[in-house]
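Visitor: Structure in structure tokens, see below.
There are 2 protein chains.
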Amino acid sequence: MRIGDLVIATGASARSLRYYEQQGLLASERSPGGQRVYPESAAERVALIRSLLAAGLSSSTIQDVLPCITEKAIRTPWLAERLRSELNRVEDQISSLHRTRDILADLVEHYAV
Amino acid sequence: MRIGDLVIATGASARSLRYYEQQGLLASERSPGGQRVYPESAAERVALIRSLLAAGLSSSTIQDVLPCITEKAIRTPWLAERLRSELNRVEDQISSLHRTRDILADLVEHYAV
DNA sequence: TTAAAACCTGACATTGACGTCAGGGGCAAG
DNA sequence: CTTGCCCCTGACGTCAATGTCAGGTTTTAA
Numbered sequence: 015m016r017i018g019d020l021v022i023a024t025g026a027s028a029r030s031l032r033y034y035e036q037q038g039l040l041a042s043e044r045s046p047g048g049q050r051v052y053p054e055s056a057a058e059r060v061a062l063i064r065s066l067l068a069a070g071l072s073s074s075t076i077q078d079v080l081p082c083i084t085e086k087a088i089r090t091p092w093l094a095e096r097l098r099s100e101l102n103r104v105e106d107q108i109s110s111l112h113r114t115r116d117i118l119a120d121l122v123e124h125y126a127v
Numbered sequence: 015m016r017i018g019d020l021v022i023a024t025g026a027s028a029r030s031l032r033y034y035e036q037q038g039l040l041a042s043e044r045s046p047g048g049q050r051v052y053p054e055s056a057a058e059r060v061a062l063i064r065s066l067l068a069a070g071l072s073s074s075t076i077q078d079v080l081p082c083i084t085e086k087a088i089r090t091p092w093l094a095e096r097l098r099s100e101l102n103r104v105e106d107q108i109s110s111l112h113r114t115r116d117i118l119a120d121l122v123e124h125y126a127v
């Protein structure tokens with residue numbers, strides 16, 4: 015598939031897809047004319063990238079972490095620690111969001127017009 | 015309390031506190047010399063502001079929503095709708111984060127070095 | 001074969017919540 | 001009263017992901 019197809023498949027903009035590639039998060043083959051060609055699996059990978067970005071991981075962190083999600087790659091102790099700390103961050107973020115949601119939900123329920 | 019005290023009480027930087035004021039999120043009295051003076055309740059308000067910011071609400075949205083959390087203020091249907099849509103956003107964000115957490119947790123558990 | 005549609009690179013612009021610096025006052029202790 | 005610390009405003013810098021534009025090339029369909 016070409017980049018336009020991947021745009022449709024993922025909802026990400028072409029700009030974003032090129033950016034992910036530039037950051038080393040997403041690989042592509044090239045057509046003889048130099049246009050990007052993606053395998054089908056790219057859509058899933060983009061979804062994964064976006065969910066990690068949405069969870070607040072930086073692209074350089076994702077770059078470290080991705081190969082060990084998709085393949086069973088180089089697991090150094092350093093990377094394991096990195097993973098644990100990101101997991102902790104995300105869990106803190108979740109519980110903080112829960113509290114905020116409760117505030118909003120309370121407002122919506124009890125003070126409805 | 016002066017701004018430095020509020021910095022200590024909340025963990026927010028002085029820059030942030032002034033920014034919140036500029037955005038209409040945080041009020042202050044002024045000393046005769048023009049320095050900001052806050053009531054004790056300011057610390058709690060700052061915590062609320064920060065949790066809403068962390069949940070992805072923009073400061074202009076927070077500006078709309080805050081008066082109706084702290085006082086029982088002007089509840090228009092428009093504002094009620096706004097609240098509901100922010101609540102939905104936060105809930106979507108939470109479930110998305112849950113999935114991402116599971117991915118990371120799975121990695122940490124099953125592929126430990 | 002040719003026009004339209006899709007794609008390329010490169011570069012500058014944007015957004016939001018701050019950091020940071022400069023230059024200048026306020027305020028309590030000694 | 002002066003020293004040292006805290007505070008003020010204003011302005012420019014930052015960062016990350018993405019928008020956007022220009023000028024040119026490739027691919028596709030007629």
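Quick note, the sequences are listed as chains A and B, same order.
My numbering numbers the first residue of the first sequence as 15 and each following residue consecutively.
My numbering numbers the first residue of the second sequence as 15 and each following residue consecutively.
We put the CB at the ideal spot given by N, CA and C, even for glycine.
(1) Taking the straight line between their C-alpha atoms, what separation do you get for Glu54/A and Leu111/B?
(2) Any idea what DSSP makes of Glu58/A, helix, strand or coil?
(3) Three Cβ pairs or more, each shorter than 8 Å: is that satisfied between the stretch 105–123 of chain B and the stretch 106–122 of chain A?
(4) Following the continuous alpha helix (DSSP H) through Ile108/B, name the residue where it begins and the one where it ends.
(5) Distance, Cα to Cα, Ser99/A vs Ile76/A?
(6) To the nearest angstrom, how far is it from the Cα of Gly48/A to the Cα of Ala69/A?
(7) Just to make sure I have the definition right: I need the residues of chain B whose C-beta is within less than 8 Å of the C-beta of Gln107/A. Which are they?
(8) Quick check on Thr44/A: does DSSP put it in helix, strand or coil?
(9) Measuring only the C-alpha atoms, how far is Ala28/A from Thr84/A?
(10) Would Val51/B pass as a contact of Arg89/B if the rule is Cβ separation under 8 Å?
(11) Contact defined as beta carbons within less than 8 Å: I believe Leu93/A pairs with Val60/A. What is the distance between those atoms, to the nearest angstrom?
(12) Report yes if the C-beta distance between Ile63/A and Leu97/A is below 8 Å; otherwise report no.
(13) Measure from the alpha carbon of Thr114/B to the alpha carbon of each residue in Ser109/A, Arg115/A, Leu101/A and His124/A, then state which is nearest.
(14) Using the beta-carbon of each residue, which ones in chain B are nearer than 8 Å to Leu97/A?
(15) Which chain A residues are close to Thr114/B, counting only those with a beta carbon under 8 Å from its beta carbon?
(16) Go ahead and pull the three-state DSSP assignment for Arg50/A.
(17) Strictly below 8 Å CB to CB, what residues from chain B border Leu80/A?
(18) Thinking just about the alpha-carbon of each residue, which of Tyr33/B, Ser42/B, Arg44/B and Glu95/B is nearest to the one in Leu67/B?
(19) Can you tell me where the alpha helix (DSSP H) holding Gln77/A begins and where it ends?
(20) Would you tell me roughly how many angstroms separate the C-alpha atoms of His124/B and Pro91/A, rounded to the nearest one?
(21) To the nearest angstrom, how far is the alpha carbon of Asp78/B from that of Gly18/B?
(22) Would Ser65/A pass as a contact of Gln37/A if the rule is Cβ separation under 8 Å?
(23) So what does DSSP say about Glu85/A, is it helix, strand or coil?
Guide: According to the structure shown:
(1) For this step, residue 54/A is matched to residue 40 along the first sequence. For this step, residue 111/B is matched to residue 97 along the second sequence. Going by the C-alpha atoms only, they are around 25 Å apart.
(2) Taking the first sequence and counting its residues from 1, the one referred to as residue 58/A is at position 44. DSSP places Glu58/A in helix when its eight states are reduced to three.
(3) yes
(4) Counting from 1 along the second sequence, the entry for residue 108/B is found at position 94. Element bounds for Ile108/B: Pro91 to His124.
(5) Numbered from 1 along the first sequence, position 85 holds the residue referred to as residue 99/A. Numbered from 1 along the first sequence, position 62 holds the residue referred to as residue 76/A. Distance between the alpha carbons of Ser99/A and Ile76/A is about 13 Å.
(6) As a first step, residue 48/A must be located in the first sequence, where it is residue number 34. As a first step, residue 69/A must be located in the first sequence, where it is residue number 55. Computed Cα separation, rounded: 33 Å.
(7) Numbered from its first residue, the first sequence carries residue 107/A at position 93. Going along chain B in sequence order, the residues near Gln107/A (Cβ under 8 Å) are Ala68 and Leu111.
(8) Translated into positions along the first sequence, residue 44/A becomes position 30. One point to set straight first is that residue 44/A is Arg, not Thr, in the sequence displayed. Three-state DSSP puts Arg44/A in a strand.
(9) Indexing the first sequence from 1 puts residue 28/A at position 14. Indexing the first sequence from 1 puts residue 84/A at position 70. Computed Cα separation, rounded: 22 Å.
(10) Position 37 of the second sequence, counted from the first residue, corresponds to residue 51/B. Position 75 of the second sequence, counted from the first residue, corresponds to residue 89/B. No. Outside cutoff.
(11) As a first step, residue 93/A must be located in the first sequence, where it is residue number 79. As a first step, residue 60/A must be located in the first sequence, where it is residue number 46. Not confirmed; about 22 Å, so no contact.
(12) Stepping through the first sequence from its first residue, residue 63/A is reached at position 49. Stepping through the first sequence from its first residue, residue 97/A is reached at position 83. No, Cβ-Cβ distance for Ile63/A and Leu97/A is not below 8 Å.
(13) As a working note, residue 114/B is residue 100 in the second sequence. Ranking the options by Cα distance to Thr114/B, first place goes to Leu101/A.
(14) Numbered from its first residue, the first sequence carries residue 97/A at position 83. Per Cβ cutoff of 8 Å: Leu118, Leu121 and Val122.
(15) Along the second sequence, one-based indexing puts residue 114/B at 100. The contacting residues are Ser65, Leu66, Ala68, Ala69 and Val104.
(16) Reading the first sequence from its first residue, position 36 is the one you call residue 50/A. In this structure, Arg50/A counts as strand in the three-state DSSP scheme.
(17) Along the first sequence, one-based indexing puts residue 80/A at 66. Those within 8 Å of Leu80/A in chain B number zero; the least Cβ separation is about 11 Å.
(18) In the second sequence, residue 67/B corresponds to position 53, counting from 1. Comparing Cα positions, the closest option is Tyr33/B.
(19) Counted from its first residue, the first sequence places residue 77/A at position 63. Ser73 to Val79 is the span of the alpha helix (DSSP H), which, as asked, contains Gln77/A.
(20) Translated into the one-based positions of the second sequence, residue 124/B becomes position 110. Translated into the one-based positions of the first sequence, residue 91/A becomes position 77. Taking the straight line from one Cα to the other gives about 14 Å.
(21) In the second sequence, residue 78/B corresponds to position 64, counting from 1. In the second sequence, residue 18/B corresponds to position 4, counting from 1. Answer to the nearest angstrom: the Cα atoms are 27 Å apart.
(22) Taking the first residue of the first sequence as 1, we reach residue 65/A at position 51. Taking the first residue of the first sequence as 1, we reach residue 37/A at position 23. Not a contact, by the Cβ cut-off of 8 Å.
(23) As a working note, residue 85/A is residue 71 in the first sequence. In the structure shown, Glu85/A sits in coil (DSSP, three-state: anything other than H, G, I, E or B).
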